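Have a look at the structure below, then the notes.
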Amino acid sequence: MPPESWEKELNSIAPELIAELKEKKEPDKGLPPLELKGPLVMRFAPNPNGPPTIGSARGIVVNSEYTKKYHGKLIIRFDDTDPATKRPMLEAYDWYLDDCEWLGAKPNEVIIASDRIAKYYEVAEELIKKGGAYVCFCEQEEFKALKDAKKACPHREEAAEKNLESWKKMLSGGYKEQEAVLRIKTDITHKDPAIRDWVAFRIIKTPHPRPQVGDKYCAWPLLDFEGAVEDHLLGTTLIIRGKDLTDSETRQRYVYKYMGWTYPETMHWGRVQIHYEDLLSEDSISKETEYYLVVDGQKYGVPKQYVRPDEITTSLYENDINNKGYAVAVGYTTKGNIGFKKASKPYPLVELTSKNGFIMISEKTLIKNLGKLSTSGLKKAIAEGVYTGWDDPRVPTIRALRRRGIRPEALRKFMIDLGLGETDISLSLDTLYAENRKLIDPVSNRYFFVWNPVPLEIEGAEPKVAKAPLHPAKKEMREIPVGTKVLVCRSDVDILKIGERLRLKDLYNIEITGLSPLKAKFIGTDMDLVKKEKARIIHWAPPDGLKVKVLSPDGEYNGVGEPGIEKELDKVVQFERFGFVRIDSVDSEGVVAYFTHK
RNA sequence: GCUCCGAUAGUGUAGCACGGCCAAUCAUGUCAGACUCUCACUCUGACGACUGGGGUUCAAAUCCCCAUCGGAGCACCA
Numbered sequence: 000m001p002p003e004s005w006e007k008e009l010n011s012i013a014p015e016l017i018a019e020l021k022e023k024k025e026p027d028k029g030l031p032p033l034e035l036k037g038p039l040v041m042r043f044a045p046n047p048n049g050p051p052t053i054g055s056a057r058g059i060v061v062n063s064e065y066t067k068k069y070h071g072k073l074i075i076r077f078d079d080t081d082p083a084t085k086r087p088m089l090e091a092y093d094w095y096l097d098d099c100e101w102l103g104a105k106p107n108e109v110i111i112a113s114d115r116i117a118k119y120y121e122v123a124e125e126l127i128k129k130g131g132a133y134v135c136f137c138e139q140e141e142f143k144a145l146k147d148a149k150k151a152c153p154h155r156e157e158a159a160e161k162n163l164e165s166w167k168k169m170l171s172g173g174y175k176e177q178e179a180v181l182r183i184k185t186d187i188t189h190k191d192p193a194i195r196d197w198v199a200f201r202i203i204k205t206p207h208p209r210p211q212v213g214d215k216y217c218a219w220p221l222l223d224f225e226g227a228v229e230d231h232l233l234g235t236t237l238i239i240r241g242k243d244l245t246d247s248e249t250r251q252r253y254v255y256k257y258m259g260w261t262y263p264e265t266m267h268w269g270r271v272q273i274h275y276e277d278l279l280s281e282d283s284i285s286k287e288t289e290y291y292l293v294v295d296g297q298k299y300g301v302p303k304q305y306v307r308p309d310e311i312t313t314s315l316y317e318n319d320i321n322n323k324g325y326a327v328a329v330g331y332t333t334k335g336n337i338g339f340k341k342a343s344k345p346y347p348l349v350e351l352t353s354k355n356g357f358i359m360i361s362e363k364t365l366i367k368n369l370g371k372l373s374t375s376g377l378k379k380a381i382a383e384g385v386y387t388g389w390d391d392p393r394v395p396t397i398r399a400l401r402r403r404g405i406r407p408e409a410l411r412k413f414m415i416d417l418g419l420g421e422t423d424i425s426l427s428l429d430t431l432y433a434e435n436r437k438l439i440d441p442v443s444n445r446y447f448f449v450w451n452p453v454p455l456e457i458e459g460a461e462p463k464v465a466k467a468p469l470h471p472a473k474k475e476m477r478e479i480p481v482g483t484k485v486l487v488c489r490s491d492v493d494i495l496k497i498g499e500r501l502r503l504k505d506l507y508n509i510e511i512t513g514l515s516p517l518k519a520k521f522i523g524t525d526m527d528l529v530k531k532e533k534a535r536i537i538h539w540a541p542p543d544g545l546k547v548k549v550l551s552p553d554g555e556y557n558g559v560g561e562p563g564i565e566k567e568l569d570k571v572v573q574f575e576r577f578g579f580v581r582i583d584s585v586d587s588e589g590v591v592a593y594f595t596h597k
């Protein structure tokens, strides 16, 4: 019996079985469902020491997605309790709120930790009274030595009254920085050294950047304490955070136990790195690539072998070598795309990541690994002028993506599709771009933009007004007046030969008659000729067009665009045969556009 | 060194709590073709993975053990 008959037969006997079979095949969309015992309260808790990054977007989106789905409450809480080393930026508070709203994740409540220090003091005092916390005067190294030896420090057994007294003195500024800390009493013999008697408060005399707070406090809570107290005060029921904070839970549970509170449910996700993959030019990849390890321009090693560090003496950093002594390497496949591969099994190796953020690939190509830049690293680079600001297209912030014309829905979907895995991932923004392209392609007008322009004189052509569709699926036309001279791209010119026939898109056909200077003659307007001869179709721009500059993650493109682009300010358009861009500014100097993606 | 976590195609995911519907899902990517006055979009097809080794079982991606690799924490950072 053929399968169709089977289905028919089965349908008549047991229709529910068919339904079940089909249902089974349907993939789960979106985030995994939650098993809730009560109302859902979640928080997203950044330190506003810089604008939200692509990594922050994950937290914003996932938290908001769940609270939307289960009619819960979303709180944004600024964990700004370090006025010194991770000093908050005043502008960043609003940047977070703004980017959240843009992402469709407007929080129900906004909490600023530095406004609520007094509440943390109350809890601290109670903990001291209960014997769950003590003021410690050990020097850092001294305490670490004791801790590693599972030994208590002399202050641990101090009476509660004495601790209370010291605590008051801490609050009133009676100690210098580094002189005293408040520790939570856990288990000094805990098998995990990360858990043993952790610090809840330290003394910082640097004033807080927020004028409302200023120098009001000199005892500041650390994240583990502030977070523990706030999560309880806010009634948080589910916490999703990075794997790096898993130990926090174990530490914080001691506070919850002393106070008789109930700890929220927790979920974790792995480390995220972003790599940009699209900087390989096609000619740098051949299908039958030979693989080398390249360090500082030198070839080492042979493919399909692990690369041993003793074969390489230059520029290998400690972090690039795993504990087996193999270099952590990155490869690309014969298909030409790049992937990070674990060095645990043989793989055609080509390159080495180096600590300075670059990956070497063969001799020609360089890939920037933007995901590796930390907020503080970015801050420094911006101050030094390496980047123009927090929305420089090369910088991995939400602001930069916005400026480039990425739609919030695309970013949301991208983050939701990542899911909640505890696996460490290294991802490519390609998927985000593909998602975004689907959204903007149907609504983006088309224009010509010629980068690295080369003038082309056409004999026998009459000045005319070219008509081209604003969008291939719509009927509105754009009009481009053109004389006997046009501009074309250097990259198109480079491969031209005398006698070659080509089509200037939406204009007419030409035959090349000279290369330097570039000359051609008019040979008609007939499209059939183009189709018959399979002539190349290239785009062009009038010499008196608009000056256009495109800023993209991999550099600047300067050229000339057709008139009309200036009407698209703040919109995303497609520069044909170039890619999508967002028109960022228009003035007498010309047009500045931000590259969205191909 | 101590502790914890993880491992499915190039990339990211689904499946794992309850072993058979899994010769393994979806997206992206790559290749080929169709469409097209763009290298965009759309459509069709192809490619491509359970880290390794043992064990339990009639049956293992799924449970157990070991190995390997990767990541994180052990801060008066968040």
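The numbers in the first sequence follow numbering that gives the first Met the number 0, run straight up by one, and end at 597. Glycine included, each C-beta is placed from N, C-alpha and C at the ideal position. For clarity, every value in this text was computed on a predicted model and none was experimentally measured.
For K190 and R252, what's the separation of their Cα atoms in angstroms?
In this structure, the straight-line span from the alpha carbon of K190 to that of R252 is close to 16 Å.
Express the C-alpha separation of A472 and K437 in angstroms, rounding to a whole number.
Rounded to the nearest angstrom, the two C-alpha atoms are 14 Å apart.
Rounded straight-line distance, which links the Cα of L377 to that of P395
Approximately 9 Å, taken between the alpha carbons.
Less than 8 Å between the C-beta atoms of F200 and L222, yes or no?
No, the pair does not count as a contact, with Cβ atoms beyond the cut-off.
Could you name the residues of the same chain whose beta carbon sits closer than 6 Å to that of T205, not counting the 5 residues immediately before and after it, in chain order?
Non-local C-beta neighbours of T205 in its own chain, meaning closer than 6 Å and more than five positions away in sequence, comprise P82, A83, ordered along the chain.
Evaluate the contact criterion for the region 38 to 46 versus the region 65 to 78: three or more CB pairs, one atom per stretch, below 8 Å.
By the criterion of at least three beta-carbon pairs nearer than 8 Å, the region 38 to 46 is in contact with the region 65 to 78.
Inspect the CB distances between the region 148 to 160 and the region 104 to 113 and report whether three or more fall short of 8 Å.
Contact annotation: the region 148 to 160 does not touch the region 104 to 113, with fewer than three C-beta pairs closer than 8 Å.
If you draw a straight line from the alpha carbon of W268 to that of V228, how long is it in whole angstroms?
Distance between the alpha carbons of W268 and V228: 22 Å.
How many Å lie between C99 and L163 at the Cα?
Using only the alpha carbons, I get a separation of about 41 Å.
Distance, W219 Cα to I203 Cα
If I take the Cα positions, the gap works out to 7 Å.
Identify every residue that forms a DSSP beta bridge with F43.
The secondary-structure analysis by DSSP pairs F43 across a beta bridge with I75.
If you draw a straight line from the C-alpha of E567 to the C-alpha of V212, how long is it?
Their Cα atoms are separated by approximately 44 Å.
Taking only the alpha-carbon atoms, compute the straight-line gap between K129 and D230 and give it to the nearest angstrom.
Spanning the two alpha carbons is a distance of roughly 21 Å.
Exposure of V442, with buried meaning 16 or more beta-carbon neighbours within 10 Å
Under this definition V442 is an exposed residue.
Just the C-alpha distance for H207 and F594, rounded to the nearest angstrom, thanks.
H207 and F594: Cα-Cα distance of roughly 38 Å.
Would you give the residue range spanned by the beta strand (DSSP E) that V442 belongs to?
That residue, V442, is in no beta strand (DSSP E); it is neither H nor E in DSSP.
Note down, in chain order, each residue of its chain lying with its Cβ closer than 6 Å to the Cβ of V591, except the 5 sequence neighbours on either side.
Non-local beta-carbon contacts of V591 in its own chain, meaning distances under 6 Å to residues more than five positions away in sequence, involve K548, D583, S584 in chain order.
Supposed close pair G388, I381 - CB separation, criterion 8 Å:
Contact check for G388 and I381: beta-carbon distance about 6 Å, within the 8 Å limit, so the pair qualifies.
Per DSSP, what are the beta-bridge partners of W268 in this structure?
By DSSP's assignment, W268 forms a beta bridge with G241.
Find out if the Cβ-Cβ distance for the pair L486, V559 is shorter than 8 Å.
A contact, by the Cβ cut-off of 8 Å.
Where the beta strand (DSSP E) containing V109 begins and where it ends
Taken as a continuous stretch (DSSP letters only), the beta strand (DSSP E) holding V109 covers 108 to 111.
Figure out for me which residue from Q139, T52, K570 has the closest Cα to the Cα of S373.
Ranking the options by Cα distance to S373, first place goes to T52.
For A603, count neighbouring Cβ atoms within 10 angstroms of its own Cβ and tell me buried if that reaches 16, exposed if not.
Lying before the first or after the last residue shown, residue 603 is absent from the chain, which here runs from 0 to 597.
Taking the alpha-carbon positions, what's the D491 to F577 distance?
The alpha-carbon separation between D491 and F577 amounts to approximately 12 Å.
Helix, strand or coil at K426 [DSSP, three-state]:
Going by the sequence as given, residue 426 is Leu instead of Lys. If DSSP states are grouped into helix, strand and coil, L426 belongs with the strands.
Cross-strand partners of T52 (DSSP beta bridge)
Partner(s): T396.
To test your reading of the DSSP string, which unbroken beta strand (DSSP E) runs of 3 or more residues are found completely within the region 150 to 189?
Within the region 150 to 189, the complete beta strand (DSSP E) runs of at least 3 residues fall at 180 to 183.
Given a cut-off of 8 Å on the beta-carbon distance, is the pair E561 and I479 in contact?
The Cβ atoms of E561 and I479 lie closer than 8 Å to each other.
Over the uninterrupted beta strand (DSSP E) stretch that includes W450, give me the two end residues.
Following the DSSP letters along the chain, one finds W450 inside the beta strand (DSSP E) bounded by residues 448 to 450.
N46 burial status per 10 Å Cβ neighbour count (16 or more: buried):
Looking at its Cβ environment, which holds 16 or more other Cβ atoms inside 10 Å, N46 is buried.
Would you mind reading off the limits of the alpha helix (DSSP H) that contains E100?
E100 -> alpha helix (DSSP H) spans 89 to 101.
For L400 and V453, which I take to be in contact (beta-carbon distance under 8 Å), what is that distance rounded to the nearest angstrom?
Contact flag wrong, Cβ pair sits at about 33 Å.
Buried versus exposed call for L455 [16 or more other C-beta atoms within 10 Å across all chains shown]
A residue is called buried once 16 or more other Cβ atoms fall within 10 Å of its Cβ, and L455 is buried on that count.
Would you report the Cα separation of H538 and V481, rounded to the nearest angstrom?
Answer to the nearest angstrom: the Cα atoms are 13 Å apart.
So, A409 versus N444, is the Cβ gap smaller than 8 Å?
Taking 8 Å as the Cβ cut-off, A409 and N444 do not qualify as a contacting pair.
Going by DSSP, what residues sit across from M476 in a beta bridge?
M476 pairs with P468.
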